[in-house]
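Q: Handing you a structure now.
Number of protein chains: 2
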Amino acid sequence: MHFYEKLDAATNAADSLLCVGLDTDPTKLPAHLGTGTDAIILFNRAIVEATADLVQSYKLNLAFYESMGAEGYEVIRATLDAIPGHIVTIGDAKRGDIGNTSSMYAKAMFEDFGFDATTVAPYMGRDSVEPFLRYGKHGVFVLALTSNKGSKDFQYLNVDGDPLYKHVVRTLLGWNSENNLGLVVGATHPSELEEIRAMAGDVPLLIPGLGAQGGNVELSVRAGCTSDGMRAVFNSSRGILYASTGEDFAEHARAEALKLKEQINSCRGRS
Amino acid sequence: MHFYEKLDAATNAADSLLCVGLDTDPTKLPAHLGTGTDAIILFNRAIVEATADLVQSYKLNLAFYESMGAEGYEVIRATLDAIPGHIVTIGDAKRGDIGNTSSMYAKAMFEDFGFDATTVAPYMGRDSVEPFLRYGKHGVFVLALTSNKGSKDFQYLNVDGDPLYKHVVRTLLGWNSENNLGLVVGATHPSELEEIRAMAGDVPLLIPGLGAQGGNVELSVRAGCTSDGMRAVFNSSRGILYASTGEDFAEHARAEALKLKEQINSCRGRS
């Protein structure tokens, strides 16, 4: 199935725009799970089981798994195995290199791990992004305007009267011949998010920055969705994963995920 | 030892600015080595043994190893183990994420793998780069002007009369309080390389793009070094690794490395 179709189907199946970020920090696991690779897998599986009917997607940030060494690969695989097949999986890797090297990253993300989508950094330009886009059925979320403080350093630079991120968005939209592009836009910039949605038509937006990073749910949901309340991926990680560190962590994670899903839905326009 | 000191010492020890890129493609190994992880490790070790007295540094592009799955980790470790301790090791990963996530990438590169230096993508700004810079003894080469065709897409955008890459360079130089910053500048842009060297003082430049990518040795060596012919890292990968696919591959790799080292040295100004 094509990425946009899978995203829409998963959104409708759960009636949800929520993406749970499985950015599992081994130092924050509930004590009763123990430590090590097995504990992390147990934790991820429990979070997936407790939230799978509430989410449209799961996002794994590869930094958390890379820092576990070779075993991180096994944790990613075991986690992906636990995610029901109709739910979208996003490998958040922010890769990008010269063409032949980007091809190897694309292979790692889409063929070896089998993620439905990944994130890509734009700085190196077209030949660094195209090897990902060429996998027509997989989604490619390219960084446009990020949620962090450092987004002010380069992304707002004045390029012929427009901020850099707008040039990046405009250029990326021109590369979307396979209809599988997405854009990353932080929830911490609601008015820019609205502008980018207007530019991007029905291209999906991955919107991190709710919760710990301070993004406002109402503003970013109103700004980020298409007019029929679709094509947005609202990621939350820490607020859900670590809602409790007791034996009831999965229950608490479910409660937080449900709350955020409903909060998002209450602001979604539906046509 | 501080990164700049180690780079200078390694440059002087081999009288060389050459960096061999260990970007090993499993499909291009000499047939007599067989296939699989062991063959790749044998190949990398043989290349290191054949070239260690000719180089200042080795660079491993992580894309090649990530696409091997979990075993790629073991190949990286075994390869690093084979590199004599006085030679600089660069993990070419081009990572970059929000602050707490970049910290995990920095830990993976500097603590887990133990690379002397890494490459970082700049688009996400200061809090994405600083977790790397904070490891004061390790080097951090941030992408400024890359060697690929896609460098034209965003890096030359006109920002208040200057190309974007100059703004990026100027801003990065302001973050170099630990004196461990480096910049990536492609050999395919010799006149821009000269401008960046003038801006950067004695900050090391990692200069890919010789050989397969078409960079000119004489122009880029004259432009990229400091006035005393130091602080430049000239990377070549394919032209050395695959000089022969016969049983004599290591000998041929050595011959190519020696030729390029001497070509570079013949253009180095020494004061």
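Here the protein sequences line up with chains V and A, keeping their order. When we follow the working numbering, the leftmost residue of the first sequence carries the number 773, and every step to the right adds one. When we follow the working numbering, the leftmost residue of the second sequence carries the number 773, and every step to the right adds one. Backbone N, C-alpha and C define an ideal beta-carbon position, used for all residues, glycine too.
Count Cβ pairs between the segment 795-810 of chain A and the segment 838-857 of chain A that sit closer than 8 Å; are there 3 or more?
A: The segment 795-810 of chain A is in contact with the segment 838-857 of chain A.
Q: For my contact list, Val956/A and Phe1006/A are in at a C-beta cut-off of 8 Å; report their separation, rounded to the angstrom.
A: Counted from its first residue, the second sequence places residue 956/A at position 184. Counted from its first residue, the second sequence places residue 1006/A at position 234. The Cβ separation is near 12 Å, so there is no contact.
Q: Helix or strand or just coil, what does DSSP make of Cys791/A?
A: Mapped onto the second sequence, residue 791/A falls at position 19. Strand, per DSSP.
Q: Could you pull the start and end residues of the alpha helix (DSSP H) that Ile870/V belongs to?
A: By 1-based counting over the first sequence, the position of residue 870/V is 98. Element bounds for Ile870/V: n/a, residue is neither H nor E.
Q: Report the rounded CA-to-CA distance for Tyr895/A versus Ser923/A, giving the unit in angstroms.
A: Translated into positions along the second sequence, residue 895/A becomes position 123. Translated into positions along the second sequence, residue 923/A becomes position 151. The alpha-carbon atoms of Tyr895/A and Ser923/A are separated by roughly 13 Å.
Q: Using CA coordinates, which residue listed in Ser788/A, Ala835/A and Ser949/A is at the minimum distance from Lys1031/A?
A: The residue given as residue 1031/A occupies position 259 in the second sequence. Closest option to Lys1031/A, Cα to Cα, is Ser788/A.
Q: Does DSSP put Thr743/V in a helix, in a strand, or in coil?
A: The displayed coordinates of chain V run from 773 to 1043. Any statement about residue 743/V would go beyond what the structure contains.
Q: Kindly say whether Val847/V, judged by its beta-carbon, lies nearer than 7 Å to any beta-carbon of chain A.
A: Here residue 847/V refers to the residue found at position 75 when the first sequence is read from its first residue. For Val847/V, the answer is no, since every Cβ of chain A falls outside 7 Å of its Cβ.
Q: Determine whether the Cβ of Val892/V lies closer than 7 Å to any Cβ atom of chain A.
A: Numbered from 1 along the first sequence, position 120 holds the residue referred to as residue 892/V. No, Val892/V lies away from the interface with chain A (no Cβ there is under 7 Å from its Cβ).
Q: Would you mind telling me which residues of chain A sit closer than 7 Å to Asp853/V, beta carbon to beta carbon, in chain order?
A: As a working note, residue 853/V is residue 81 in the first sequence. The contacting residues do not exist; Asp853/V stays about 15 Å from chain A at best.
Q: Taking Tyr1014/V as part of the beta strand (DSSP E), name the residues at either end of that continuous run.
A: Sequence index remark: in the first sequence, residue 1014/V carries index 242 (1-based). Tyr1014/V -> no beta strand (DSSP E), and no H or E assigned at all.
Q: Would Asp899/A pass as a contact of Asn920/V if the rule is Cβ separation under 7 Å?
A: By one-based count along the second sequence, residue 899/A stands at place 127. By one-based count along the first sequence, residue 920/V stands at place 148. Closer than 7 Å, so yes.
Q: Going by DSSP, what residue range makes up the beta strand (DSSP E) through Lys938/A?
A: Looking up residue 938/A in the second sequence gives position 166. Not the beta strand (DSSP E): Lys938/A falls in the alpha helix (DSSP H), residues Leu936 to Leu945.
Q: How would you list, in chain order, the residues of chain V whose beta-carbon sits under 8 Å from the beta-carbon of Ala835/A?
A: Residue numbering aside, residue 835/A sits at position 63 when the second sequence is read from its first letter. Those are Arg867, Asp869, Thr873, Ser874, Met876, Tyr877 and Ala880, listed as they occur along chain V.
Q: How about Thr807/V: is its C-beta nearer than 7 Å to some C-beta of chain A?
A: To locate residue 807/V, count along the first sequence from 1; it is residue 35. Judged by the 7 Å Cβ criterion, Thr807/V is not in contact with chain A.
Q: Take the Cβ of Pro903/A as the centre, count every other Cβ of all protein chains shown within 10 Å, and call the residue buried at 16 or more, exposed below.
A: The residue given as residue 903/A occupies position 131 in the second sequence. Label assigned to Pro903/A: buried.
Q: What residues in the segment 914-939 of chain A have a beta carbon less than 9 Å from any beta carbon of chain V?
A: Against chain V - using a Cβ distance shorter than 9 Å - the residues of the segment 914-939 of chain A are Leu915, Thr918, Ser919, Asn920, Lys921, Gly922, Ser923, Lys924, Asp925, Phe926, Gln927, Leu929, Asn930, Val931, Asp932, Leu936 and His939.
Q: What residue ranges within the segment 879-945 of chain V form continuous alpha helix (DSSP H) runs of no fewer than 4 residues, ordered along the chain?
A: With a minimum length of 4 residues, the continuous alpha helix (DSSP H) runs that stay inside the segment 879-945 of chain V are 898-905, 923-926 and 936-945.
Q: By a C-beta neighbour count over all protein chains shown, 10 Å radius and 16 as the cutoff for buried, is Pro856/A buried or exposed?
A: Locating residue 856/A in the second sequence gives position 84, where the first residue counts as 1. Pro856/A comes out exposed.
Q: Excluding sequence positions up to five away, which residues of its chain have a Cβ less than 8 Å from the Cβ of Ile862/V?
A: The residue labelled residue 862/V in the question sits at position 90 within the first sequence. Excluding residues within five positions, the ones whose Cβ falls inside 8 Å are Cys791, Ser829, Tyr830, Lys831, Leu832, Phe887, Asp888, Ala889, Thr890, Thr891, Gly911, Phe913, Leu978 and Val1005.
Q: Only counting runs of 3 or more residues, tell me where the beta strand (DSSP E) segments fall wholly within the segment 993-1038 of chain V, in order along the chain.
A: For the segment 993-1038 of chain V, whole beta strand (DSSP E) runs of length 3 or above, ordered along the chain, are 1004-1008.
Q: Could you round the C-beta distance between Lys909/A and Phe775/A to whole angstroms and report it? I think they count as a contact, below 8 Å.
A: As a working mapping, residue 909/A is identified with position 137 in the second sequence. As a working mapping, residue 775/A is identified with position 3 in the second sequence. 6 Å between Cβ atoms; contact.
Q: Are the CB atoms of Ile1012/V and Glu1034/V nearer to each other than 7 Å?
A: Position 240 of the first sequence holds residue 1012/V. Position 262 of the first sequence holds residue 1034/V. For Ile1012/V and Glu1034/V, no; Cβs fall outside 7 Å.
Q: Can you tell me the Cα-Cα spacing of Arg942/A and Ser992/A, whole angstroms?
A: For the purposes of this step, residue 942/A is taken as residue 170 along the second sequence, with counting starting at 1. For the purposes of this step, residue 992/A is taken as residue 220 along the second sequence, with counting starting at 1. Roughly 21 Å separates the two Cα atoms.
Q: With 7 Å as the C-beta to C-beta threshold (strictly closer), list the residues of the segment 940-962 of chain A near chain V in chain order.
A: So the list reads Val940 and Thr943, given in the order they occur along the chain.
Q: Can you tell me whether Glu1019/V is buried or exposed? The criterion is at least 16 other CB atoms within 10 Å of its CB, across all chains shown.
A: Residue mapping note: residue 1019/V aligns to position 247 of the first sequence, counting from 1. Exposed, since its Cβ has fewer than 16 Cβ neighbours within 10 Å.
Q: According to DSSP, is Ser963/V helix, strand or coil?
A: Walking along the first sequence from the start, residue 963/V turns up at place 191. Ser963/V falls in the helix class under three-state DSSP.
Q: Taking all protein chains shown into account, decide if Ala713/V is buried (16 or more other Cβ within 10 angstroms of its Cβ) or exposed.
A: Here chain V has residues from 773 to 1043 only, and residue 713/V is not among them.
Q: Taking DSSP as the reference, what is the three-state secondary structure of Gly983/V?
A: Position 211 of the first sequence, counted from the first residue, corresponds to residue 983/V. DSSP places Gly983/V in helix when its eight states are reduced to three.
Q: Kindly list the residues whose CB is nearer than 7 Å to the CB of Tyr907/A, restricted to its own chain and excluding five residues on each side of it in sequence; keep chain order.
A: To locate residue 907/A, count along the second sequence from 1; it is residue 135. Correct list, in chain order: Ala878 and Phe882.
Q: Out of curiosity, what's the CA-to-CA distance linking Gly841/V and Ser1016/V?
A: Stepping through the first sequence from its first residue, residue 841/V is reached at position 69. Stepping through the first sequence from its first residue, residue 1016/V is reached at position 244. Answer to the nearest angstrom: the Cα atoms are 27 Å apart.
Q: For Asn872/A, which residues in the same chain have their Cβ closer than 7 Å to its Cβ, ignoring the five residues on either side in sequence?
A: Position 100 of the second sequence holds residue 872/A. Excluding residues within five positions, none has a Cβ falling inside 7 Å.
Q: Express the C-alpha separation of Ala818/V and Leu917/V in angstroms, rounding to a whole number.
A: Counting from one through the first sequence, the residue named residue 917/V turns up at place 145. Counting from one through the first sequence, the residue named residue 818/V turns up at place 46. Using only the alpha carbons, I get a separation of about 32 Å.
Q: Name, going along the chain, the residues of the segment 894-909 of chain A whose beta-carbon falls closer than 9 Å to a beta-carbon of chain V.
A: Result list: Pro894, Tyr895, Met896, Gly897, Arg898, Asp899, Ser900, Val901 and Glu902.
Q: Does the distance from the C-beta atom of Phe836/V to that of Met876/A stay below 7 Å?
A: Within the first sequence, residue 836/V is the residue found at index 64, counting from 1. Within the second sequence, residue 876/A is the residue found at index 104, counting from 1. Yes, Cβ-Cβ distance for Phe836/V and Met876/A is below 7 Å.
Q: Go through its chain and collect everything with a Cβ distance to Gly1001/V's Cβ below 7 Å, but skip five positions before and after it.
A: For this step, residue 1001/V is matched to residue 229 along the first sequence. Answer for Gly1001/V: Arg1040, Gly1041 and Arg1042, listed in chain order.
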